[in-house]
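Numbering (the numbering used here), first residue to last: 5 to 432.
Glycine included, every Cβ here is placed at the ideal spot set by N, Cα and C.
Since we're looking at a predicted model, the values are computed, not measured.
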């Protein structure tokens, strides 16, 4: 019997991984193989070396095409050495034609401002492109640059908090939101600072709630140990987590009151949307505290999103996006509490479909990532119930979206790659 050397197996695996990453790059950019070869500075007929081990310049260029951090590409390709530090590696590059940039990623010709231009604008541009790791780095640079100038630092600290929350760093987001909330009190006579204080209170409350609900069974688990359906639907988190939920509720109530005030309404045109998202978080808290039944809460979420029945007739702005977060709040409540599987999956299907429509309408990468994560959890639950997995069928735009979310948000990486690797890709 012939024995195949281990390095042969490793070479095959590396080739497979590189071929997979190249396929992701083609779908993400909407390019032909020739265009990809030009971007990688390679012969398009020989993009994958026989050894399966790409040269460093190919890895760097592939990271640029995907818009992924360089180290993440190194990890996925199974390279054994750390990626070198290279300014701009993993940043989007200018396309070479043959397809739109993926969902608004900034290119070299429309990149975020750098240097002294506007640190806050740079952060916001990366956020709009769904590149939260880049946004975090830009925010930190801006904060360091402004030193003791607190007025210039606070808006950047607020955006850094948003990005921490988006990437799942909830403890850091909670702490930073609290710091911004406290510091802005010194300027509360200024309407803009009062609005920032209100938003930061809301964000701290939302982070506190998410941490407590995730840690507090049964809300944070989908355990089936509770045999009594009624008790499960009305039970709250353990007493150890109640203080955190009560603190979160206090934050959110304060935020909603301020967001409804004339001063904040005049200063922040999106105050109503922020208040709506805070209300959705309070709904989850009330269920977690046992003050509302899950069914009543889900019904309220369903009623609230009726305002978005006709997406095309609804303004695609922050108020519509807020309804997407209501959908996700309803999903989390249903996942944690509803015991009848048929009812649960019918509820989740309605809410995730509507949230997906809203995410596409408003172009929110944060919402896209959360919707995909919830859809993944829904399918896992269906597989447990029926004993068979629901197939993922993706078209090119779906692939572009998922690859973009993977590159921009580390917390989605594992789920996103599992979806891509198990999916059937169509040409639609």
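Applying the 10 Å Cβ sphere with the 16-neighbour rule, what's the burial state of residue 330? So residue 330 ends up on the buried side.
Test item: CB-CB of residue 250 and residue 241 under 8 Å: Not in contact: residue 250 and residue 241 (Cβ atoms no closer than 8 Å).
Should residue 358 be labelled buried (16 or more other beta-carbon atoms within 10 Å of its own) or exposed? For residue 358, the number of other beta carbons within 10 angstroms of its own is at least 16, and it is reported as buried.
If you draw a straight line from the C-alpha of residue 319 to the C-alpha of residue 280, how long is it? Cα to Cα, the separation comes out at about 16 Å.
Backbone CA spacing between residue 150 and residue 126 [nearest angstrom]: Rounded to whole angstroms, the gap between the alpha carbons of residue 150 and residue 126 is 15 Å.
Other residues of its chain near residue 474: CB distance less than 7 Å, five sequence neighbours each side excluded: Nothing can be reported for residue 474: it is not among the residues displayed for the chain, which extend from 5 to 432.
Does DSSP put residue 256 in a helix, a strand or coil? Helix.
Could you tell me which residues DSSP pairs with residue 397 in its beta bridges? Answer is 428.
Do you know how far the Cα of residue 167 is from the Cα of residue 77? C-alpha separation (whole angstroms): 21 Å.
For residue 199, which residues of its own chain have a beta-carbon under 6 Å away from its beta-carbon, when the five flanking residues on both sides are left out? Once the five neighbours on either side are set aside, the close Cβ partners of residue 199 are 268, 271, 272.
Does the beta-carbon of residue 18 have 16 or more other beta-carbons within 10 angstroms, so that it is buried, or is it exposed? The residue in question, residue 18, is buried, as its Cβ has 16 or more Cβ neighbours within 10 Å.
Check residue 203 in the structure and name its three-state DSSP category. Residue state, collapsed to three classes: helix.
Tell whether a beta-carbon distance below 8 Å holds between residue 356 and residue 339. Between residue 356 and residue 339, the C-beta spacing is not below 8 Å.
Thinking C-beta only, is residue 178 closer than 8 Å to residue 215? For residue 215 and residue 178, yes; Cβs fall inside 8 Å.
Report back the beta-carbon spacing between residue 397 and residue 430 to the nearest angstrom; my notes put them in contact at under 8 Å. Taking C-beta atoms under 8 Å as the contact rule, residue 397 and residue 430 qualify, at a distance of about 6 Å.
Out of 333, 49, 164, which one is the CA nearest neighbour of residue 300? With respect to the C-alpha of residue 300, the residue from 333, 49, 164 having the closest C-alpha is 333.
Verify whether the separation of the beta carbon atoms of residue 289 and residue 324 is less than 8 Å. No; because the gap between Cβ atoms is not below 8 Å, this pair is not in contact.
Alpha carbons only, please: which of 42, 47, 52 is nearest the one belonging to residue 21? Residue 21 has its Cα closest to that of 52, out of 42, 47, 52.
Alpha helix (DSSP H) containing residue 241: first to last residue? Unbroken run through residue 241: none, as it is neither H nor E.
Would you call the CB atoms of residue 421 and residue 410 closer than 8 Å? A Cβ-Cβ contact shorter than 8 Å links residue 421 with residue 410.
Could you give the C-beta distance for residue 400 and residue 41, rounded to a whole number, given that I count them as a contact under 8 Å? The distance from the Cβ of residue 400 to that of residue 41 is about 19 Å, inconsistent with a contact at the 8 Å cut-off.
Does the Cβ-Cβ distance between residue 282 and residue 305 come in under 8 Å? No, these two residues do not count as a Cβ contact at 8 Å.
In chain order, what are the residue ranges of uninterrupted beta strand (DSSP E) at least 3 long that sit wholly in the segment 351–416? If you keep only unbroken beta strand (DSSP E) runs of at least 3 residues inside the segment 351–416, you get nothing at all.
Grab the span of the alpha helix (DSSP H) containing residue 281 for me, first residue to last. Run containing residue 281: 275–292, per the alpha helix (DSSP H) assignment.
Output the distance between the C-alpha atoms of residue 263 and residue 381, rounded to the nearest integer angstrom. Taking the straight line joining both Cα atoms gives about 33 Å.
Check whether residue 143 and residue 160 have beta carbons under 8 Å apart: Taking 8 Å as the Cβ cut-off, residue 143 and residue 160 qualify as a contacting pair.
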